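Asks:
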Amino acid sequence: MLKLLVLGIALGLSINNYAQNDSNDCYMNFFKRTEKHGDPRKIMLLYGGKHNRTLQFLYDNNRSEIGNYAKAGFIDLDKDGYKELIVYFYSGGAHCCDVYDIFSQVKPGQYKLMAATWGGEACFNENNLLEYSFYEHYGYFYTCFACELEDSSDSAPIPVRTVQLTYNKGKLSVLPGDAVLKATIKDNLRKLSEHPYQELAEGEFDDGLRKEFALNLIVYYYSFGKNLPETEKLFNTYYKFPDAKKIWYSFLGYLNDIKKENSF
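Per the working numbering, the very first residue in the sequence shown carries number 35; after that it's consecutive.
(1) Beta-carbon within less than 8 Å of aspartate 56's beta-carbon, same chain only, minus the 5 sequence neighbours each way: which residues are those?
(2) Rounded to the nearest angstrom, what separates leucine 79 and tyrosine 254 at their Cα positions?
(3) Determine the DSSP secondary structure at isoleucine 136, reduced to helix, strand or coil.
(4) State the Cα-Cα distance for the pair phenylalanine 285 and lysine 117, rounded to the nearest angstrom.
(5) Looking at chain B, is there any beta carbon in it that lies within less than 7 Å of the beta carbon of glutamate 238?
(6) If you check the beta carbons only, do isoleucine 281 and arginine 244 fall under 7 Å apart?
(7) With distance defined between alpha-carbon atoms, name the residue in Phe64, Phe108 and Tyr273 nearest to histidine 229.
(8) Classify leucine 206 as buried or exposed, calling it buried when 16 or more other Cβ atoms lie within 10 Å of its own Cβ.
(9) Is the segment 177-184 close to the segment 233-247, with three or more CB pairs under 8 Å?
(10) Pull up the distance between the alpha-carbon of leucine 119 and that of glycine 154, whole angstroms please.
(11) Do you know offhand how far proline 74's Cα is from phenylalanine 91's?
(12) Determine which residues share a DSSP beta bridge with tyrosine 201 and list them.
(13) To the nearest angstrom, how far is it from the Cα of proline 263 to the Cα of tyrosine 169?
(14) Taking DSSP's pairing of strands, which residues face phenylalanine 108 in a bridge?
(15) Unbroken alpha helix (DSSP H) runs of length 4 or more, entirely within the segment 151-228: which are they?
(16) Give the secondary structure of glutamine 144 by DSSP, where H, G and I count as helix, E and B as strand, and everything else as coil.
(17) Give the C-beta separation of leucine 199 and leucine 226 to the nearest angstrom, bearing in mind that I take them to be a contact with Cβ-Cβ under 8 Å.
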């Protein structure tokens, strides 16, 4: 398995908390810190047009999955003196998805959707930063979901999966990466480029190599200004295998899905 232990501890938060907490404990702890809401039948969530609904609808809907996990509470995420309404539910499915909707009050009892995330594992930490993992998005990227590249050496790549999102003035944005993160990603890609190429027939899985490339690239893209030309340059520098064009366009397809499902 990819190693995190010693180097991960040494790099710490500068490489964005790669070790994920149990998502259930995390979201439960977050909502313990929020202010409880009143009668959910009297709280209207304004998603826009025909999609508007009461908070009670969320609690009642599909109780076997969403209703069992749905939570909502008030907290001032951006320290502007006004509390946002945070609504969480679990989408259901084998490997998906933590959903967070952030609302701002527009009039008593009515709350407008300002920002939203849809990710396989996401949770607000103790600093009200949303830890967001891309693993579920790229979990099946030319491999099985549970497959991870095996490297037991002391110099194994450090897993990179996560960014931190901050909410301010109605918008979610990614906290910029630092020099340590950039160097870590480049070093990871260099090490990954040294692994042997695995030719795949249609429908075959590799050992997780392509997924590790994708995860490093997606964190780089979001952490350093969403600069696609620079991300592609990084890909071309280190992914020298014969299927490079196919893998790059597959990466872009997944990226476009992330953009459609999230507001950061």
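Just so it is clear, CB atoms sit at the ideal spot from N, CA and C, and this is done for glycine as well.
Remember, predicted model here, so these are calculated numbers, not experimental data.
Replies: Taking the structure as given:
(1) As a first step, residue 56 must be located in the sequence shown, where it is residue number 22. The predicted position of aspartate 56 is uncertain, since its pLDDT is 49 and thus under 50; a value taken from the coordinates is nonetheless stated next. In its chain, beyond the 5 residues on either side, no residue has a beta carbon closer than 8 Å to the beta carbon of aspartate 56.
(2) Here residue 79 refers to the residue found at position 45 of the sequence shown. Here residue 254 refers to the residue found at position 220 of the sequence shown. Rounded to the nearest angstrom, the two C-alpha atoms are 34 Å apart.
(3) Residue mapping note: residue 136 aligns to position 102 of the sequence shown, counting from 1. Correct three-state label for isoleucine 136: strand.
(4) Residue mapping note: residue 285 aligns to position 251 of the sequence shown, counting from 1. Residue mapping note: residue 117 aligns to position 83 of the sequence shown, counting from 1. For phenylalanine 285 and lysine 117, the distance between alpha carbons rounds to 37 Å.
(5) Absence of chain B from the displayed structure is noted, only one protein chain being present.
(6) For the purposes of this step, residue 281 is taken as residue 247 along the sequence shown, with counting starting at 1. For the purposes of this step, residue 244 is taken as residue 210 along the sequence shown, with counting starting at 1. In this structure, arginine 244 lies closer than 7 Å to isoleucine 281 by Cβ.
(7) Counting from one through the sequence shown, the residue named residue 229 turns up at place 195. Minimum Cα distance to histidine 229 is reached at Tyr273.
(8) Start at 1 with the first residue of the sequence shown, and residue 206 comes out as number 172. Classified as buried, leucine 206 has 16 or more neighbouring CB atoms from the shown chains inside 10 Å of its CB.
(9) Yes, they touch.
(10) Sequence index remark: in the sequence shown, residue 119 carries index 85 (1-based). Sequence index remark: in the sequence shown, residue 154 carries index 120 (1-based). The C-alpha of leucine 119 lies about 21 Å from the C-alpha of glycine 154.
(11) For the purposes of this step, residue 74 is taken as the residue at position 40 of the sequence shown. For the purposes of this step, residue 91 is taken as the residue at position 57 of the sequence shown. If you draw a straight line from the Cα of proline 74 to the Cα of phenylalanine 91, it is about 8 Å long.
(12) As a position in the sequence shown, residue 201 is number 167, starting the count at 1. Leu206, per the DSSP bridge assignment.
(13) Locating residue 263 in the sequence shown gives position 229, counting from the first residue. Locating residue 169 in the sequence shown gives position 135, counting from the first residue. Near 23 Å, if we compare the C-alpha coordinates of tyrosine 169 and proline 263.
(14) Position 74 of the sequence shown, counted from the start, is the residue given in the question as residue 108. Beta-bridge pairing links phenylalanine 108 to Glu69 and Leu119.
(15) Qualifying alpha helix (DSSP H) stretches, in chain order: 213-227.
(16) Your numbering for residue 144 matches position 110 in the sequence shown. DSSP places glutamine 144 within a strand segment (E or B) once states are collapsed to three.
(17) The residue labelled residue 199 in the question sits at position 165 within the sequence shown. The residue labelled residue 226 in the question sits at position 192 within the sequence shown. Beta-carbon to beta-carbon, leucine 199 and leucine 226 are separated by about 26 Å, too far to satisfy the 8 Å threshold.
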